[in-house]
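All residue numbers for the sequence shown refer to the numbering used here, where the first residue is 170 and numbers rise by one. Here is the structure we will look at, set down as structure tokens.
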Amino acid sequence: MKNPPILILDEATSALDNTSELIIQKSLEDLSKGRTTIVVAHRLSTVKNADEIVVLTDKGIIEKGPHEELMAKEGVYSKLYNAQFKGFIPDEINF
């Protein structure tokens, strides 16, 4: 790969075990420095450290911001994150 100013990654770690995922995430963080990186991910650990996270549904963009801001809003991102990492399954996630 050359040195592109923009990287687009589609589910870059979705099929990996946890150990491999952590190794790849570190490499991707290093590779992403100084460039625009668009990451499509269902595993929210992949995007937790992003400058901006965009939550998309069939209705378009419903939330955006950094991880801490989205968690504080207690919206869709927060509910999905808690379901993935804290074992908390909300009764309903409204998109």
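Yeah, the Cβ is synthetic: ideal placement off N, Cα and C, and Gly gets one too.
Open item on the list: Applying the 10 Å Cβ sphere with the 16-neighbour rule, what's the burial state of THR215?
Closed with: buried
Task: First and last residue of the uninterrupted beta strand (DSSP E) at GLU232 - done: 229–234
Task: Backbone CA spacing between PHE254 and PRO174 [nearest angstrom] - done: Between PHE254 and PRO174, the C-alpha separation is close to 32 Å.
Task: Beta-ladder partner(s) of ASP179, from DSSP - done: VAL209
Task: Rounded C-alpha distance that separates ILE207 from GLU221 - done: 10 Å
Task: DSSP-derived helix/strand/coil call for VAL224 - done: strand
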